[in-house]
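A.B. asks: This is the structure I want to talk about, given as structure tokens.
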Amino acid sequence: MDLRQELVDIVNKSGAPPAWGINHCFRVYHLAKELSNNLTLDDEVLYTAAMLHDTGKYPVYALNNMDHALRSKGVASSLLQQMMFSPIKLPTVLEAVEKHMYYSEPGRSVESVYLRDSDILDNFGNIGLMRLFSMIGQDELIMTAENAIDRARLFADALPRKVTTKAAKRLALKRREETLRFLSGVKRQTAEFAWL
1 MDLRQELVDI VNKSGAPPAW GINHCFRVYH LAKELSNNLT LDDEVLYTAA
51 MLHDTGKYPV YALNNMDHAL RSKGVASSLL QQMMFSPIKL PTVLEAVEKH
101 MYYSEPGRSV ESVYLRDSDI LDNFGNIGLM RLFSMIGQDE LIMTAENAID
151 RARLFADALP RKVTTKAAKR LALKRREETL RFLSGVKRQT AEFAWL
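Residues in the sequence shown are numbered consecutively from 1, following this note's numbering.
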């Protein structure tokens, strides 16, 4: 079995909810490639990091009270060493996995920077809204529609400032507008969120 299929199988067998699972990984990977289309990134590093960046929050690998990015780095390190992944490329993958969260400083490698920007962008706009609302009742921070609305508002306000590349900043503005249009419509149609 080739590396890419093994990584897909790892995510698919991890118990990941659909909002954070394999399709999220594919979107992050492809968006990173799109945002960096004028650069040459190591595709194996980018793909591997994209597939493994959230493993630390999946049921099979998650640990209570541990930041999922750090847990993901540990899981990725263990899995990739077992898979005889290139020891030269491994540190770059691990940096990208560890630094993918919006609250982290971007890593040094271009793969890390573009993975982080892409992951941030997948959290707002139309796709981010879909993900938030699909998680109602399945995530301790999103137990109600009101929680999802609050989180969407927070993401629209905070996340555009977190991306670092020019291409990501341009897309962040568009996704912020998508989110704000949605929230405005819901507000109008629910007596200012009273009838959610």
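Glycine included, every Cβ here is placed at the ideal spot set by N, Cα and C.
Just verifying my parser: in three-state terms, what is the DSSP assignment at residue 88?
C.D. replies: Three-state result, residue 88: coil.
A.B. asks: Could you tell me if residue 103 is buried or exposed, where buried requires 16 or more neighbouring beta carbons within 10 angstroms of its beta carbon?
C.D. replies: Exposed, because fewer than 16 other Cβ atoms sit within 10 Å of the Cβ of residue 103.
A.B. asks: What first and last residue would you give for the alpha helix (DSSP H) that runs through residue 182?
C.D. replies: 166-189 is the span of the alpha helix (DSSP H), which, as asked, contains residue 182.
A.B. asks: Hey, how far is the Cα of residue 145 from the Cα of residue 130?
C.D. replies: Taking the straight line from one Cα to the other gives about 12 angstroms.
A.B. asks: Can you look up residue 136 in the DSSP assignment and give me helix, strand or coil?
C.D. replies: Coil.
A.B. asks: Within 10 Å of its beta-carbon, does residue 149 have 16 or more other beta-carbons around it, so buried, or fewer, so exposed?
C.D. replies: Result: buried.
A.B. asks: Indicate whether residue 76 and residue 93 have their beta-carbon atoms separated by less than 8 angstroms.
C.D. replies: In this structure, residue 93 lies closer than 8 angstroms to residue 76 by Cβ.
A.B. asks: Touch check for the region 14-22 and the region 124-142: three-plus C-beta pairs under 8 angstroms?
C.D. replies: Touching, yes, given that three or more Cβ pairs across the two stretches are closer than 8 angstroms.
A.B. asks: Considering only their Cβ atoms, is the gap separating residue 49 from residue 97 smaller than 8 angstroms?
C.D. replies: Cβ atoms of residue 97 and residue 49: closer than 8 angstroms.
A.B. asks: Tell me whether residue 11, by its Cβ, gets closer than 7 angstroms to a heavy atom of the ligand SAM.
C.D. replies: Judged by which ligands are present, the structure shown has none, so any question about the ligand SAM falls away.
A.B. asks: Count the other CB atoms within 10 Å of the CB of residue 126; is the residue buried (16 or more) or exposed (fewer)?
C.D. replies: Under this definition residue 126 is an exposed residue.
A.B. asks: Just tell me which of 59, 117, 11 has its CA closest to the CA of residue 139.
C.D. replies: Answer by Cα proximity: 59.
A.B. asks: Report back the beta-carbon spacing between residue 115 and residue 46 to the nearest angstrom; my notes put them in contact at under 8 angstroms.
C.D. replies: With a Cβ gap of about 7 angstroms, residue 115 and residue 46 count as contacting.
A.B. asks: Less than 8 angstroms between C-beta atoms, sequence neighbours within five positions excluded: which residues of the same chain meet that for residue 186?
C.D. replies: Cβ neighbours of residue 186 beyond the five flanking positions: 149, 193, 196.
A.B. asks: Among the residues of its own chain, which have a CB less than 8 angstroms from the CB of residue 83, if the five just before and after it don't count?
C.D. replies: 3, 6.
A.B. asks: Just how far apart, CA to CA, sit residue 109 and residue 95?
C.D. replies: Distance between the alpha carbons of residue 109 and residue 95 is about 8 angstroms.
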